[in-house]
Amino acid sequence: MLFSELYGVYFHMVASILTAAVDHTLQPGEMKRIIQETAFGESMLNIPESLGKEHWRLMKDNGTAIIRNVPTMPLTILQKRWLNAIAYDPRIRLFTDEPVIFPDIEPLFLPEDIKVFDQYGDGDPYEDEEYIRNFRLILDAIKHQYPLQISVVSCHGERITTRTLPEYLEYSEKDDKFRLIGTGNKSGNTINLGHIISCGKCSMTEKNVPGKRNLSHPRTVVFEVSDERNALERALMHFAHFKKQAEKLEAGKYKITLCYEKEDETEILIRVLSFGPMIRVVKPTAFVNLIKMRLMDQKSCEL
Amino acid sequence: MIVREAGETMAYSELIKNFNKIRDYMRDFYIYGFKCRDDYTKKSARSYDNEKRRMESWLGDYMQFRRTADGKEVFLSIDSRVTKQNPLYKAWKTKSFTDGDITLHFVILDILASGAEKSFLEIAGQVDSYLEVFDPVRLFDSSTIRKKLNEYVKEGMLVSRRSGKTVLYRRSRENCIPDTDILDFFSETAPCGVIGSFLLDKTARHESCFAFKHHYITGAMDSEVLCAIFAAMHEKRMITVETINREKDRVSEGHLVPLRVMISVQGGRQYLMAYAPRFKRITSYRLDNIVSVKTEAVSERFDELRRKLDRLEPHIWGVSTDSRSGKRMEHVAFTVRYTEEEKHIPRRLEREKRIGIVEYLDQNTSRFSADVFDAGELIPWIRTFICRITDISISNKALENQFKKDLQTMYAMYGLEGGDSHAV
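Following this line, the structure appears as structure tokens:
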């Protein structure tokens, strides 16, 4: 059963409180701190009282626990089934050659049970040994914060070598690609892992001390959605992963304000176009002009 | 709601008993975000206030409010590119329980902590001795303890075996869990990723090395439905599903052979492809419209039907297996032009086409064509090439005409209907 108290925040929080209480008598304020760190906003209202003799009977009045050992919970079958299922995913090789598998447990799902039907067809090569080596080195560099020297092939076929201090990996499910986001690189801090031809540890000299980050270039576009052909729900779902606000203007007409990064402007533009006349961009003028230019070019095609 | 012993209940609790109750509210707050209190008329005002309060408690950082002429609008504002762990998973960690549930959980696992086997009588006796420290002494009856032990055997946390007339229980072996990098990544990208999040809760707090772009998080709300479908498919069983028609606010029941789950990474929806014996056809069902799943008898036709779906897939662009024109198959073709500097366009065609073929007519012109069940599903994609479409041909002429008419409407919308004279 997935929706179970076994996985709930309260059971985890109580385990944390009991872990402390098994070790020592809880100090004033200690329980409060644990609850605030591990539970929800209003949990403080009833948990301290619930732990005692009236309800859960896990803590004595003197702040000690009735259990004797640090509480732990074995894995459930559901957790094991999920772990067995992800072991079939080719991306698991990026992390380990020997994924955790429970031989006597059936996987929750198999690759043939699912199909991602609109993923782009040129995803990263997850079974390529060189790619795997680079991925693991980058992941290690992120965790241990050391710089890397990376060579990539540019879109013009040139070899470009840069130094970067890796911050995190960004994965796009649509593109099925990983990108490294780093700092301290003059020519851009975003590197497609699929473009890397060599990658190794390096030292940062004083001249290229890390510090230059990818600057955020937030942009906003405002458009109106006419709720025909189920366009409202489709648009709200389609753009759900962005920070956005939706407002009802009148019956069947809605205004959506969408925040995006400048580097994604072309992508946003064609995604807006994909809704045809159901979406009309109203602001800013620069974005409206981008739409107009595309439409004028289309008009010249005399379809 | 925390249910106290003897049915005593608390007026309000952060925890809930029925997930479906919160599922709709979360979806509305996250996807729509423009509804006011009065819009939630089908539920009671008190129910709305309680669910909103719960969500504020679970997801306070993401809850936002806006005052409009219609009233106060509540919405969830989440930028999934910035948030490294799906905040909606929190809802799956709010199941209510009885006082007895939590007491027995910690006491039984503590009694069996050494890994040694113990009989029911030994365990029950020790439970009593743990609780005797409280005054007044309130003990559990045998059947409650036995029920909890058997529940934990079923969940896989305990193992039982019979020795003569005695049943012996012990804890399952403690297993190591994978590296947190694996859990951080797959809890966000694999189906039923919330289970990965449950596993992450067992690890020390850490900063994830991953962020996610184009990341749809609403599928999390359908995790239990998905789990039930996987379980049925694994055993090749039929299912009875209750689906909701949100427009009509009507729930209907269907008997299906579940065959495959189709996941969209461009639209955020998940679908079940299933054979409906009543209609004698394979069709799609949106997971977010499935209210409940009940497992039924094994279907002898599962393998045959899945092979049939495999044969259909080269003609399915999205999830539709039938056309709006009534024809079995529709042909769609369109041609795009591009300059020497726009060689990314034919590359786009190649990587974005899911089925069909791309032909290179000359150095600056390519044509895509495909035979599909429903050409209407391709229209949004074709529109992304607006500015360079020189020809389009769809065997469903009504659809082709609609496409061209929509273009005219767009020209008019942006004041471009009178020739090219409207300067940008």
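Chains A and B are the protein sequences, given in the same order.
The numbering used here puts the first residue of the first sequence at 2, with every later residue one more than the last.
The numbering used here puts the first residue of the second sequence at 1266, with every later residue one more than the last.
From the three backbone atoms N, C-alpha and C, an ideal C-beta is built for every residue, glycine too.
Per the coordinates, the alpha-carbon of Leu1386(B) lies some 10 Å from the alpha-carbon of Arg1411(B). A residue is called buried once 16 or more other Cβ atoms fall within 10 Å of its Cβ, and Glu6(A) is buried on that count.
For Gln1535(B), there is no enclosing alpha helix (DSSP H); the residue is found in the beta strand (DSSP E) stretching over Gln1535 to Ala1541.
In the three-state reduction of the DSSP assignment, Asp176(A) falls in the coil class. Take the alpha-carbon of Lys116(A) and the one of Asp1449(B): they are about 22 Å apart.
Taking a Cβ-Cβ cut-off of 9 Å, Val154(A) has no neighbours in chain B, whose nearest Cβ is about 15 Å from it. With 16 or more other CB atoms across the displayed protein chains lying within 10 angstroms of its CB, Cys1652(B) is buried.
Among the residues of chain B, those whose CB is under 8 Å from the CB of Thr77(A) are Glu1420, Gly1421 and Met1422, following chain order.
Within 10 angstroms of the beta-carbon of Asp1393(B) lie fewer than 16 other beta-carbons, which makes it exposed.
Closest by C-alpha distance to Arg94(A), out of Ile78(A), Tyr127(A) and Leu111(A), is Tyr127(A).
As a beta-bridge residue in DSSP terms, Asp1656(B) pairs with Thr1600(B). Separation of Asp298(A) and Thr1333(B) (C-alpha to C-alpha, rounded to the nearest whole angstrom) is 40 Å. The contact set of Ser1437(B) on chain A, defined by CB atoms closer than 7 Å, consists of Pro75 in chain order. The criterion of a C-beta distance shorter than 8 Å is satisfied by Ile1654(B) and Leu304(A). Per DSSP, the continuous beta strand (DSSP E) segment holding His1520(B) begins and ends at Arg1515 to Ile1528. Taking 8 Å as the CB threshold, Ile1651(B) lines the interface with chain A.
The stretch 265 to 294 of chain A contains, as complete beta strand (DSSP E) runs of 3+ residues, the segments 280 to 284 (chain order).
If you draw a straight line from the Cα of Arg164(A) to the Cα of Arg180(A), it is about 15 Å long.
Beta-bridge partners assigned by DSSP to Asp1627(B): Thr1630(B). Partner residues in the beta bridge of Pro219(A), as assigned by DSSP, are Glu262(A). Of all residues in the stretch 267 to 290 of chain A, only Ile271, Arg272, Leu274, Ser275, Phe276, Gly277, Pro278, Arg281, Val289 and Asn290 place a beta-carbon less than 8 Å from a beta-carbon of chain B. Per DSSP, the beta-bridge partners of Asp1636(B) are His1596(B). With respect to the 8 Å criterion, Gly1365(B) and Phe1399(B) are not classified as neighbours on the basis of their beta carbons.
The beta carbons of Ile198(A) and Val154(A) sit closer together than 8 Å. Approximately 5 Å separates the beta-carbon atoms of Met279(A) and Ser227(A); this is inside 8 Å, confirming the contact.
Per the coordinates, the alpha-carbon of Tyr1434(B) lies some 15 Å from the alpha-carbon of Phe1371(B). For Met1328(B), the enclosing beta strand (DSSP E) covers residues Met1328 to Thr1333. By the neighbour-count criterion, in which a residue is buried when 16 or more other Cβ atoms sit within 10 angstroms of its Cβ, Leu1614(B) is buried. Residues of chain A whose Cβ lies closer than 7 Å to the Cβ of Phe1362(B) are, in chain order, Glu6.
Sequence-distant Cβ neighbours of Leu52(A) in its own chain, meaning closer than 6 Å and more than five residues away, are Leu59 and Met60.
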